[in-house]
Amino acid sequence: MVLDVFFTVFPLLQLKDGNMKADLEAALPAGREDFAIQCRDVCRSYGKLKVLNNLNLTVPQGQIYGLLGPSGCGKTTLLKCIVGTLKISRGHITVLGKPPAFPGHDVPGKMVGYMPQELALYNEFTIGDTLTFFGRIHGLTRKETKARMDFLIDFLDLPQKTSLVRNLSGGQRRRVSLGAALLQNPELLILDEPTVGVDPVLRSKIWQHLVEIVRTGKVSVIITTHYIEEARQANVVGLMRNGCLLAEGPPDAVMKQHSATTLEHAFLQLCETSDQNGSKRGSSPPGGPLENSQSFESGKDESRPILAVGAGAAEEVPKYSADWKVRARHFLPKWRNIAALMIKTMVRMKRLPGSLCFQFLLPVIQVSLICLCVGGDPKGIQVAVVNNETSPTAYSQSLLSFLDNTSVQQVHLSHEEAFDGIYNAEYWGVIGFGKNFTSYLTKRMIQRQVSREVVDGGSVHVWLDFTSKMQKPFLYLNTDFTTFVTPGAVLSITFYLAVGLTALSFVLERKEGLLDRCWVAGVSSLETMLAHLFSQLFVISVQIILLLLFILLVFKMPNEGSLVLVIILIVLQGVTGISFGLVISSAIDDEQSANQAALGIFYPNLIISGIIWPVECIPYPLRYLSLALPQTYASEALRCIMYRGWGLSRMMVWRGFAVTLGWNTFFLILATVILKLRT
Ligand SMILES: Nc1ncnc2c1ncn2[C@@H]1O[C@H](COP(=O)(O)OP(=O)(O)OP(=O)(O)O)[C@@H](O)[C@H]1O
């Protein structure tokens, strides 16, 4: 059995430091529960790419485990599976006694300190903000956080705590990231390449610190590194290749086994042996369950210091259970985490004042543009006038003087010039009067019956250029168009700005590893959603106040109904936008696709929600879709409140609220489920 073999390993640990050896021997595990991490037959794929292939790994309690392997062999994937941010497709993992994310277990949570490969830091934060943020999530008091912060800044040789992360060098950022993982003195440290970009002196200091903290036997460390030789300071090394562990054991024993003077050399030999085994078997896939034991089990050393890691399948999978109270507590959101995330968002906003002002002012600018530019009368339209009457007392002259001459600018031309001009798009239309317009018109007024020639000669002839898109609204719309459009436009602006604020939030945080990092620190998907919702509510509240001030006081839109209802409906539409943004953000990985999704729905929704033109004009199959959209009934409800003074007792009003609330609930649940499934 693997475990039996494993236990024989420890007495042989040959650390340079004699005391260290004694400590480690004192901390020898006595049973399964003394393993910090145990992976058995773990498989994980990305689509068709098999990254972890029946991997077995054991990190003993109170020791440093150096996970080594070439780039792309699956180390980061394995660490993500161990902390629970990636789900395994087969096998089982136990971390500090239970599977990761088991209800009531503090992994993810306070028990584990995770430093991901990405920097996973908020650029707008200072070093102090970063450590305070993680301190809040781990439930440390201010005093505890301060004490740890002072120690870590000194130990990791960091600049002042007021230094902004975005102004730090790459190496300094990595050290801040390491500091965040060490902050709460976790029982298990999972460090993905913490020493990359760190100078040799500090690298050795970090290793020294790791050696010191495991000395108590209570802290365990799993660390990946590209500097294979530094892993000689680990108590156990695991050599990984093609998603499998080739060997696992104390570094000196691994080297001795292969008569190598360096770990690197030993690793090379292991790779060659595994390649030879692979080619002998012919069909064994890379990373398939290698008979790693070939080199180890036939080892001459009787103590068999190196593990054969292919075993484990026969082990019984332990059963874990938690009672319903623990489960319920596990799923309930923690206010502490929500508050920490909200403070984080506020601090980031404060550090980007330009962006915050833009967010506040953008809706006002948009609604002002709508009120100023949509629905008004056109001004200074050039219209060609062909008047064949010359007398100043002619009726045609009087008629022309009655036209709205602020809208229409008359250009008197000959018949040919006028039509040439209209073909060249110089004029919107031509108004024509015949030579005898006055006399024919008089005849039409006096005589009961007139000839066709008289009717024609006594008529005003108008030719309009219908290729111009403005002709129809100009001709048919009344000046209340602005009043019709504004309520829907306000809802639409609130909705889309909220989508815009949110759609990229998780995408960027996921890309930078921040979502995973927070999740490993113990923040649940629901808490992330709620915190985001509450912080964005603050932003949209300011936006809505400014919007209403402008439309009611500056543009004097009427409001016959309850202002409270108006505000609530607009806020609820903002929440719909936030929740829809959260759906996009949780489902989509890259910024470009998230942007496309947010922009892609903008026009169809605007056009078929009855915001610009009444829903009654939409052809039938589309009308059903229109009625199901979040803004159709809501716009109607807002119009009814503002212009008719109706309240919630009217169906057209409460229906708008009900549909909005329904969409909010649906989007929020969908976003939480997607985020949960994807972390
Ligand atoms: N999200 C992903 N989607 C698809 N493939 C992925 C994803 N993440 C990693 N991979 C692939 O899985 C394999 C293992 O990647 P992983 O990051 O675990 O390697 P690694 O050993 O940590 O490498 P390195 O030492 O360079 O960080 C690689 O081939 C990589 O391309």
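Position 477, counted from 1, in the sequence shown is what the numbering used here calls 477; the numbers after and before it change by one each time, with no gaps. Ideal Cβ placement from N, Cα and C applies to all residues, glycine included.
Have a look at arginine 90 and leucine 369 and give me their C-alpha separation to the nearest angstrom.
Spanning the two alpha carbons is a distance of roughly 57 Å.
Cβ-based neighbour list, methionine 680, same chain, cut-off 7 Å, excluding 5 preceding and 5 following:
The requested residue 680 does not occur in the structure, where the chain is confined to residues 1 to 679.
Residue environment, proline 251, which counts as buried when at least 16 other CB atoms sit within 10 Å:
By the 10 Å Cβ count, proline 251 comes out buried.
Near ligand 1: serine 355 beta-carbon under 7 Å from a heavy atom:
False, no ligand heavy atom lies under 7 Å from that Cβ.
Here's the rule: buried if 16 or more other CB atoms are within 10 angstroms of the residue's CB, otherwise exposed. What is serine 401?
Classification of serine 401: exposed, given that the 10 Å Cβ count is below 16.
Is cysteine 39 near ligand 1 - that is, is its Cβ less than 7 Å away from at least one heavy atom of it?
In this structure, cysteine 39 has its beta carbon at no less than 7 Å from each heavy atom of ligand 1.
Where the alpha helix (DSSP H) through threonine 130 begins and ends:
For threonine 130, the enclosing alpha helix (DSSP H) begins and ends at 127 to 137.
Identify, in the order they occur along the chain, each residue of the same chain with its Cβ nearer than 6 Å to the Cβ of arginine 351, setting aside the five sequence neighbours on each side.
Taking C-beta separations shorter than 6 Å and ignoring five residues to either side along the sequence, the partners of arginine 351 in its chain run Glu124, following chain order.
Starting from the Cα of glutamate 495, find the closest Cα among Ser391, Lys256, Ser579 and give me that residue.
The sequence as given places phenylalanine at residue 495; glutamate does not occur at that position. Nearest of Ser391, Lys256, Ser579 to phenylalanine 495, Cα basis: Ser579.
Under 8 Å by Cβ, that's how I've got leucine 152 and leucine 131 pegged, so tell me the actual separation to the nearest angstrom.
Rounded to the nearest angstrom, the Cβ distance from leucine 152 to leucine 131 is 7 Å, consistent with a contact under 8 Å.
Glycine 380 to phenylalanine 360 span [Cα, whole Å]:
Approximately 35 Å, taken between the alpha carbons.
Tell me, to the nearest whole angstrom, how far the beta carbon of lysine 75 is from that of glycine 84; I am working on the premise that it is less than 8 Å.
16 Å between Cβ atoms; not a contact.
Listed in chain order, which residues are found with a beta carbon closer than 5 Å to a heavy atom of ligand 1?
The answer, residue by residue, is Tyr46, Val51, Ser71, Gly72, Cys73, Gly74, Lys75, Thr76, Thr77.
Quick one: which unbroken alpha helix (DSSP H) runs of 4-plus residues sit fully inside the segment 166 to 232? Chain order, please.
Listed in chain order, the complete alpha helix (DSSP H) runs (minimum 4 residues) inside the segment 166 to 232 are 170 to 182, 200 to 214.
With a 10 Å radius around its C-beta and 16 neighbouring C-beta atoms as the bar for buried, classify methionine 557 as buried or exposed.
A buried status is given to methionine 557, since no fewer than 16 other beta-carbon atoms sit within 10 Å of its beta-carbon.
Hey, out of Val176, Asn56, His330, whose CA is closest to glutamate 248's CA?
Per the Cα distances, Asn56.
Run through the DSSP bridge pairs and tell me what threonine 576 is partnered with.
The partner list for threonine 576 (beta bridge, DSSP) is empty, contrary to what the question assumes.
Tell me the DSSP secondary structure of proline 353 in three-state form.
The DSSP-derived three-state label of proline 353 is helix.
Can isoleucine 567 be considered in contact with ligand 2, in the sense that its beta carbon sits closer than 7 Å to one or more heavy atoms?
Looking at this structure, you won't find ligand 2 anywhere; what it does contain is ligand 1.
Does the distance from the C-beta atom of proline 694 to that of aspartate 192 stay below 8 Å?
For the chain, the structure presents residues 1 to 679; residue 694 sits outside this window and is missing.
Relative to the C-alpha of serine 169, which candidate in Gln184, Val198, Tyr227 has its C-alpha closest?
Among Gln184, Val198, Tyr227, the Cα nearest to that of serine 169 is on Val198.
If you pair each beta-carbon of the segment 569 to 577 with each one of the segment 390 to 401, do three or more pairs fall below 8 Å?
Contact between the segment 569 to 577 and the segment 390 to 401 is absent, because fewer than three Cβ pairs lie under 8 Å.
At least three beta-carbon pairs within less than 8 Å, the segment 533 to 550 to the segment 621 to 637
Flag = no, the segment 533 to 550 and the segment 621 to 637 do not touch.
Would you kindly work out how many angstroms separate the C-alpha atoms of lysine 300 and glutamine 38, rounded to a whole number?
Because the pLDDT at lysine 300 is just 35, under 50, the model does not fix this residue reliably, and the point stays unresolved.
My output table needs one value for proline 614: the three-state DSSP class, helix, strand or coil.
Here proline 614 sits in coil by DSSP.
Taking C-beta to C-beta, are tyrosine 122 and leucine 514 nearer than 8 Å?
The answer is yes: Cβ separation under 8 Å.
Taking 8 Å as the threshold, find out whether the segment 579 to 594 comes into contact with the segment 609 to 623 through three or more Cβ pairs.
Flag = no, the segment 579 to 594 and the segment 609 to 623 do not touch.
Check whether the Cβ atoms of serine 535 and threonine 672 sit closer than 8 Å, and answer yes or no.
Contact flag unset, no.
Can you give me the start and stop residues for the beta strand (DSSP E) that asparagine 595 sits inside?
No beta strand (DSSP E) contains asparagine 595, which is instead part of the alpha helix (DSSP H) from 591 to 600.
For glutamine 681, is the classification buried or exposed, using 16 other Cβ atoms within 10 angstroms of its Cβ as the cut-off for buried?
Nothing in the structure corresponds to residue 681, since the chain is present only between 1 and 679.
Leucine 270 and valine 237 closer than 8 Å at C-beta
Contact: no.
Are the beta-carbon atoms of serine 585 and valine 659 separated by less than 8 Å?
Cβ atoms of serine 585 and valine 659: not closer than 8 Å.
Burial state of isoleucine 669, where buried means 16 or more other Cβ atoms lie within 10 Å:
Note on isoleucine 669: under 16 other CB atoms within 10 angstroms of its CB, so exposed under the neighbour-count rule.
Pairwise C-alpha distance: isoleucine 127 and glutamate 144:
A direct Cα-Cα distance of roughly 16 Å separates glutamate 144 from isoleucine 127.
Any idea which residues DSSP pairs cysteine 39 with across the strands?
Note: cysteine 39 sits in a beta bridge opposite Leu57, Ile93.
Which first and last residues belong to the alpha helix (DSSP H) in which histidine 415 is found?
Per DSSP, the continuous alpha helix (DSSP H) segment holding histidine 415 begins and ends at 415 to 423.
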